[in-house]
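Q: This is the structure I have questions about; it appears just below.
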Amino acid sequence: MRFTLIQLIPIMKWVLPFALLLLTSCGDDHDMADVTVSFRHVVEESPLVLNLVDYGNEVGESYNVTRLEYILTDIVLMRDDGTSVNLRDVFYVRVPENETGDGADETTRFLTRRIPGGSYSAVSFRFGVPAGAAFGDLPNEVNLNQMEWPVPMGGGYHYMRIEGLVEGGAEPLLAHLGPSRGGDFSFVVELPIDLFVDGEQTQVQITMDVDRWWQPNIYTFTGRGMIMGNPQVQALLSDNGPGVFSAASIP
Ligand SMILES: [Cu+2]
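Okay, structure coming up:
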């Protein structure tokens, strides 16, 4: 049986509205875009420079930073209505030797493809690894594996290592955060942003101000030594942690 064009018209009258509805309901697809998340590290607004620059804390001790690395988990974009879009389950950040602050290194940026269009009001993540995670729970990658937290100290993963030298080398700075004695010192950070995804590739920039790890709860360096077995100090740094981060969307 064959339809003539005239015979098809009544059918089209019914079919067309549904076809249009289908097209428009896919509108989000056209607004989808790749979102880059980049990490920058500063000390009081200036890009962190490893090794070469001495910084001061609130009580006038000087320190430099020779190593800064950390793990974030459950990185999501949040909408006003409370729904969220997953960006990355785990990301390992390490400040490269030649940090320029633009987050161009593979350990300071990642790309998530096809984020649904619309507006997002916050980026959220857990600093560190969820409580109870054992070593091996994260993907088997060199960068993550070298973050192992010793089993006698609770097991799992370091959340972060900040290392450096205090007072020009008088003693080491060893701020290692992790599940000290099996405790949970990870924390969730929710940072307001003003991000509109509408088909154009866009970027969310997360900034860590290293200096803020040492305040408002004052963390002094002299005589501190290794803190991995000290839950009180872990709690102090964990308390300061949310104030360390900020975020902005960049076109
Ligand atoms: Cu350690």
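Take the sequence shown: its letters are residues 3 to 253, numbered as in this note's numbering. Heads up, the beta-carbon is just placed ideally off N, CA and C, and yes, glycines get one too. Values in this document were obtained by computation on a predicted structure and should not be read as measured data.
Once the 5 residues before and after E47 are set aside, which same chain residues still bring their CB inside 7 Å of it?
A: Nothing listed; no residue qualifies.
Q: Could you name the residues that DSSP lists as bridge partners for R96?
A: According to DSSP, which records beta bridges pairwise, R96 is partnered with E71.
Q: Just the Cα atoms here: how many angstroms apart are S64 and D213?
A: Approximately 11 Å between the Cα atoms of the pair.
Q: When the Cβ atoms of the stretch 70–88 are set against those of the stretch 162–169, are three or more pairs found closer than 8 Å?
A: They touch, by the three-pair rule.
Q: Measuring from each Cβ to the nearest heavy atom of ligand 1, keep the ones under 5 Å and list them in chain order.
A: Taking each Cβ in turn, the ones that pass are H178 and M230.
Q: Let me make sure I understand the geometry here. Which of L238, P98 and N59 has the alpha-carbon closest to that of S188?
A: Ranking the options by Cα distance to S188, first place goes to L238.
Q: For the putative contact between M155 and G231, defined by C-beta atoms under 8 Å, what is the C-beta separation to the nearest angstrom?
A: Between G231 and M155 the Cβ distance is about 6 Å, and since that is below 8 Å, they are a contact.
Q: Could you give the residue range of the beta strand (DSSP E) that holds D211?
A: Per DSSP, D211 belongs to the beta strand (DSSP E) from T204 to D211.
Q: Should M34 and R116 be called a contact, given that it needs their Cβ atoms to be closer than 8 Å?
A: Taking 8 Å as the Cβ cut-off, M34 and R116 qualify as a contacting pair.
Q: Could you have a look at E108 and say whether DSSP puts it in helix, strand or coil?
A: Here E108 sits in coil by DSSP.
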